[in-house]
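Residue numbers (my numbering), protein chains in the order written: chain V, -18 to 379; chain W, 50 to 271. What follows is one structure encoded as structure tokens, with my remarks underneath.
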Amino acid sequence: MSTLFFLQLKRAVKAVPKVIVSAIIPLFLAGMAVFFAQKQHTAHTGTPLSPVALVNQDSASYLDIILPMITETEAAGSFSFLEMNETEAMEALQEGTVCAVLVLPKDMFEGIISSANIPAKLYLPGGDSFPSLLIGKYAEAGSLTLGASQAGIYAAADLYTAYGIAEHLSDIYYDINTANLKYALSRESAFSAKATNALGTFSLIEYYGCTLLLCLLLFLGAGMGSFLGTPAPKTFSEQLRRNGFGPFSLELSLFLPLTIFYLILTYLLGGIAALLLPGFTFSGSTLLFLGCMALCFSAYTQLIFSFAKNAGRGFLLFSFLGLLMILVAGGFLPYAFLPDFFVTLTPFLPLGACLSALRRLVSGSLTLWDTLLPVLHMVLLLGLLALLSMLRRKEVRP
Amino acid sequence: MLQAEHISFSYRKKQVLRDVCFTAKEGDFVGIIGKNGCGKSTLLSILAGVRKPDSGAVSFLGTNLYTKSTVPAETIGYVPQLNPLLPELSVGDNLKLWLRDTSVANKEACASLYREMDLTGFLSVPVGKLSEGMKKRVSITSVLQNHPKLLILDEPSAALDLPCKEIIHNQLQAFTAKGGIVLFTTHEEAEFSLCTTLYILKDGVLQLADAAQDRHTLVQHF
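Structure (structure tokens):
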């Protein structure tokens, strides 16, 4: 058994250069696919930098002051505003050259002051496009800010009346409005309180860094799995069986080198991640989690290749299911763009659980359960593998 | 003594072996000939304990092969048609994998066997880089190094060049001269003369053939 194990380990070591080369192509293809999918997604719905058509039907003099205040806010920085008439704006919306139409109705600003509250209208294209979501959130935040501004104006008017200086009110309305709007609109907290970032608390690098780490493990594992997981010619396993090694021993002799390969790879990639991702720090719990993830990957690889019985078929099945699990776990597109049940499904998928835990590790909120869930998956996968081995033993035992 | 009694075997509905019986004693060189797909390899795999027959029994040295959990690989050496070798590993590693007795004395005997099989210069070469003939030699050596008493070979000389064939024939003859039993399938006319017993497998039935029969009569069975 020890000879078989050491020779399988030797095979694994010899295969490393080939595995690295074989991983580059699918990684490149996966990267391209994600890039084009993202591009297609944003192209279909308008880019985040698409202009917003502004239809100004109000002639209030405040507009010259207020509009720059809005457009200079950080949240509005993703958009440019084009002034159009309503017909042109609606045509542009239909053509997709603008991502929204904002109509400021006649006397809207007078209405704010006089509490008539004539609402602005925001037209968005159908669907859940990213710019639509962003503008929707932005409009919500804007209305909150305007609400706060109005409250300030009315409070000032009430106070002037209460202190008997209401006769001066008309003279200083302009100053009151300007000051209130200035303070209200400069408060970015109204926007930051509304999380418009689909990546949550992660930076883009952290979010996709986690995905990349998992994809690297997946494709390097696919190369090694297709190499180690298909030891046959069939006669090889028959000879092993004649020599007293059952299917279980064969699986074990493959599982151990595969696990060593994943452990080395995981810690190596973890080291690189620690250098590149600010939230990724090495500690005892990090090492434990990476080890558990390596075990989970090893069991997943072994099961799929053992089930497929063929290197090519195994490679395809392993990669397809792996990418699917990463997709479900929001690895390629954030959950905001995915069906809700994907979130529920993620912990039940081995690679989904690994990706979620990896993100928690980066965000500094890794729990013991996150660490142990991949081990639970490993146990289940090995259970299935043992079942498969038993069925095969039954099939072929002389 | 190897004894096969009333062996029958079917692949789904196709019966490939029908009531096959034969015996081979120490020193016998038994050849089995027949058309492609007639069941020769199936018969050998049954005799080697890889496959279980639908009915019948195989015993070697008085032990029924199918009452044991594993076939005693050290007493029955089996070289299947496809080489059971790992191509990424060297010849030496592949031989090491199948070596049962790792004592110093046996290692010395193995070194001598490798020399006789002309493998000494190839021990560090990956099997994947060898010719088919060389691979076959490695497969046969991997079995011979365990000193079996029965050697079952499925077309051992297929794809071999003449010097290779000679090396293998000499080894097999030396093996039977020491009291071993060789059982092999072949399509090579030149190998008929090596056989002490020649069988023809036709329509699932094993018949004794006369190796001295004229070529035309034997070729009819291919």
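Just so it is clear, CB atoms sit at the ideal spot from N, CA and C, and this is done for glycine as well.
Burial state of residue i, where buried means 16 or more other Cβ atoms lie within 10 Å
i      : result
V:W350 : exposed
V:P49  : exposed
V:H358 : buried
W:K145 : buried
W:K227 : exposed
V:Y155 : exposed
V:C196 : buried
V:N393 : Residue 393 of chain V is absent from the structure shown; chain V starts at -18 and stops at 379.
W:R149 : exposed
V:G27  : Residue confidence for V:G27 is low, a pLDDT of 43 falling below 50, so the modelled location carries little weight; the figure read from the coordinates is stated next. Answer is buried; the Cβ neighbour count reaches 16.
V:N98  : exposed
W:R61  : exposed
V:F329 : exposed
For residue i, the nearest candidate out of the options (CA to CA)
i        : options                         : result
V:L233   : V:L366, V:V79, V:K(-1), V:L63   : V:L366
W:D252   : W:H55, W:K63, W:L179            : W:K63
V:L(-12) : W:V174, W:N143, W:K198          : W:N143
W:M183   : W:S152, W:A154, W:N132          : W:N132
V:Y188   : V:T142, V:I134, V:A310          : V:A310
W:T72    : W:T91, W:I230, W:I217           : W:I230
V:S266   : V:C277, V:R222, V:L347, V:P238  : V:L347
V:G293   : V:S370, V:L127, V:S207          : V:S207
V:A255   : V:M71, V:D139, V:N98, V:G345    : V:G345
V:L194   : V:A275, V:P(-2), V:L369, V:L140 : V:A275
V:L368   : V:F296, V:V324, V:Q283, V:F313  : V:Q283
V:T159   : V:F299, V:H149, V:D45, V:A143   : V:D45
W:C87    : W:L66, W:D103, W:G76            : W:L66
Between the CA atoms of residue j and residue i - distance to the nearest angstrom
i      : j        : result
W:M166 : W:Q222   : 13 Å
W:C339 : W:N195   : Any property of residue 339 of chain W remains undetermined from this structure, which presents chain W solely from 50 to 271.
V:A171 : V:G123   : The pLDDT assigned to V:A171 is 47, lower than 50, so where the model puts this residue is not dependable; a value taken from the coordinates is nonetheless given after this. Approximately 8 Å between the Cα atoms of the pair.
V:V343 : V:M205   : 27 Å
V:Y243 : V:N291   : 21 Å
V:L372 : V:F261   : 43 Å
W:A258 : W:L250   : 10 Å
V:D39  : V:E69    : 17 Å
W:F58  : V:Q220   : 21 Å
W:V192 : W:Y127   : 7 Å
V:M306 : V:T327   : 8 Å
V:T78  : V:P32    : 7 Å
V:A73  : V:A81    : 9 Å
V:G364 : V:P355   : 14 Å
V:E91  : V:Y316   : 42 Å
W:L93  : V:S(-17) : 30 Å
W:E215 : W:A239   : 11 Å
W:T112 : V:L201   : 48 Å
W:L110 : W:Q256   : 23 Å
W:E123 : W:W147   : 10 Å
V:L105 : V:F60    : 14 Å
W:V99  : V:K215   : 11 Å
W:I125 : W:M50    : 12 Å
W:K156 : V:L231   : 25 Å
V:L308 : V:P320   : 11 Å
V:F286 : V:L209   : 9 Å
V:S370 : V:P228   : 6 Å
V:F17  : V:L150   : 58 Å
W:F78  : V:A(-7)  : 41 Å
V:G303 : V:F217   : 29 Å
V:L380 : V:A338   : Residue 380 of chain V lies beyond the residue range present for chain V, which begins at -18 and ends at 379; the question has no answer from this structure.
W:V176 : W:T169   : 14 Å
Own chain, CB closer than 6 Å to residue i, minus 5 neighbours either side, in chain order
i      : result
V:T177 : Any reading at V:T177 must be qualified, since the residue scores a pLDDT of 48, below 50, and its modelled position is unreliable; no value is offered.
V:L63  : P32, A34
Close beta carbons around residue i, own chain, < 7 Å, minus the five adjacent residues each side
i      : result
W:T235 : G80, I82, E204, S206
W:E181 : A208
V:L271 : T247, Y248, G251
V:L10  : none
W:C70  : A53, E54, H55
W:Q130 : S90, D203, E204
V:A138 : L150
V:V0   : L201, G204, M205, F208
8 Å CB neighbourhood of residue i in its chain, flanking five on each side removed
i        : result
W:K101   : I95, Y115
V:L257   : I186, G190
V:S264   : none
V:V84    : V36, Q38, E67, A70, A101, K102, L103, Y104
V:L(-10) : L237, P238, I241
beta-carbon residue i near the ligand PLP non-hydrogen atom, thresh 6 Å
i      : result
V:M274 : Looking for the ligand PLP in the displayed structure turns up nothing, as the structure carries no ligands at all.
Scan the stretch 68 to 118 of chain V and note each continuous alpha helix (DSSP H) run of 4 residues or more that stays entirely inside, going in chain order. The stretch 68 to 118 of chain V contains these whole alpha helix (DSSP H) runs: 89 to 95.
Unbroken alpha helix (DSSP H) runs of length 4 or more, entirely within the stretch 105 to 188 of chain W: which are they? Within the stretch 105 to 188 of chain W, the complete alpha helix (DSSP H) runs of at least 4 residues are 140 to 147, 153 to 165.
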